[in-house]
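According to our numbering, the residues represented by the sequence shown are 18 to 93, in order. Everything on this sheet refers to the single structure shown next.
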Amino acid sequence: MFRCHACGKTEGREKLVSEVFDIDGKSVRVENIPATVCAHCGEPTFARETTERVRRMVHGEAKPVKSVPMDVFAFR
C-alpha cells in the first residue's frame, strides 16, 4: 500500500514525472520517470528498480536524448 514519505497520506496516482539531478556538479534532467505521486502534496515516490535505472542512466550508461539550456538562480 502506498504511503507518502513526505506527508503520510495514502492516496497516490501513477504518473510520468521529470526530475533534475546534480551529478558531480552538473545538472541533468531525466524525463518521463514512472512514479507514484501523492494526491495530497504532489511528492513523487519511485520504485527501487526505477531509481536504479535512473542512477545507471545519469552515470553514463545512456546518452542524453537532447540538451537544453537551463537558467540558474541563487537564493542569496
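Idealized CB from N, CA, C, for every residue including glycine. Nothing here was measured: the structure is a model prediction, and the numbers come from that model.
For residue i, which residues of its own chain have a beta-carbon under 6 Å away from its beta-carbon, when the five flanking residues on both sides are left out?
i: V47; result: E36 and V71
i: V45; result: F38 and V75
If I measure Cβ to Cβ from residue i and keep anything under 7 Å in the same chain, skipping five residues before and after, which residues do I get?
i: V34; result: I50, A52, V54 and P61
i: H67; result: It should be noted that the sequence gives Thr, not His, for residue 67. If we look at T67 and ignore the five residues flanking it on each side, its Cβ neighbours are I50 and P51.
i: M87; result: S44
Less than 8 Å separating the beta-carbons of residue i and residue j?
i: G29; j: A56; result: yes
Measuring alpha carbon to alpha carbon, tell me which of the options ends up nearest residue i.
i: V85; options: R20, K43, K32 and F63; result: K43
i: R65; options: R73, C58 and G59; result: R73
i: A79; options: E69, D88 and M87; result: E69
Can you find the residues in the same chain that come closer than 8 Å, C-beta to C-beta, to residue i, ignoring five residues on each side of it along the sequence?
i: R20; result: K26 and T27
i: P81; result: V45
Using 8 Å for Cβ pairs, my map puts residue i next to residue j. What's the rounded Cβ distance?
i: A23; j: C58; result: 5 Å
Review point. Which ranges does the alpha helix (DSSP H) cover as unbroken runs of at least 4 residues, wholly within the segment 48-86, from first to last along the chain?
Key: 65-73
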